[in-house]
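Working notes, structure below.
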Amino acid sequence: MSERNEYDEHNGQTEAAEQSRPEYVDFTVDDFPGGLAACLEAILMVADQPQTVEDMARVLVVDESDVEDALQALRAEYEGDAARGIRPRGFELRHAARGWQFANRAEFEPVVSAFVTDGQTARLSQAALEALAIVAYRQPVTRAQVAAIRGVNSDGVIRSLAVRGLIAENGMDPDSRAALLVTSEFFLDQMGLNSLDELPSLAPFLPSVAEMTRPGESDEEPVS
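1 is the number of the first residue of the sequence shown in UniProt numbering; add one for each residue after it.
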């Protein structure tokens, strides 16, 4: 393909992306420090499941090939380069059949395991208590729904609660295909309850699952 044809094709894809801009997107990636790469990092940092190139390109209103190139560059950056004095990170950008996501680098498993084990003996943080209350009163819920109520990413505290055995995954949301979270029998034992019916009345102060999702929309993008 000639240089001119490549330019025309890329230009056409960019125009198509602009025409399909979602109503809720009132920015361009160039509005932010770090541009496209930083925007992708921000998305993947809060996503609780792999994200496809197509989905990220649609949200950011950019060409899919630009997203792919930026992701490959980020993955190489995180790998490090000893010759250039660039250290590897403790995490990696991993690509699988379902899309792209951040993950702990395998060689750091002993570090992560020690941290999680230490956390089991510590008291629950305020953030963990908030997340646990949301799961208890609004179960079954997805990670995204917990985050929507708290207003911040909750993956870390949810992971901690799961490691402690207080919550577990049980089924899948039919719309978003995200894992559903519920409390465990161990949670009831720790709370001194025979069933969830004995929980103190707090639910009226929490938004319902329906209120956490716009009509006709799921709380998470479906995986293609």
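Beta carbons are placed, not taken as given, at the ideal position from N, Cα and C, and that holds for glycine.
Residue 124 sits in coil when the DSSP states are folded into three classes, being neither helix nor strand.
For residue 161, the CB contacts under 7 Å within the same chain, skipping 5 residues up- and downstream, are 128, 131, 132, 167 in chain order.
Residue 46 counts as exposed, since fewer than 16 other beta carbons sit within 10 angstroms of its beta carbon. Distance from residue 149 to residue 181 at the Cβ level is roughly 12 Å; contact not present, criterion being Cβ atoms closer than 8 Å. DSSP places residue 46 inside the alpha helix (DSSP H), whose first and last residues are 35-46. In the DSSP assignment, residue 92 forms a beta bridge with 103. Setting aside the 5 residues that flank it on each side, residue 78 is surrounded in the same chain by 89, 92, 93, each with a C-beta closer than 6 Å to its C-beta; the list follows chain order. Per DSSP, residue 53 is one residue of the alpha helix (DSSP H) stretching across 53-60. For residue 148, the enclosing alpha helix (DSSP H) stretches over residues 143-150.
Assigned with DSSP and collapsed to three states, residue 168 falls in strand. Around the CB of residue 111, fewer than 16 other CB atoms lie within 10 Å, so the residue is classed as exposed. The C-alpha of residue 183 lies about 7 Å from the C-alpha of residue 135. Here the C-alpha atom of residue 197 lies approximately 38 Å from the C-alpha atom of residue 101.
Cβ-Cβ separation between residue 36 and residue 62: approximately 6 Å, consistent with a contact (criterion under 8 Å). By the Cβ-count criterion, residue 30 is exposed, with fewer than 16 other Cβ atoms from all chains shown falling within 10 Å of its own Cβ.
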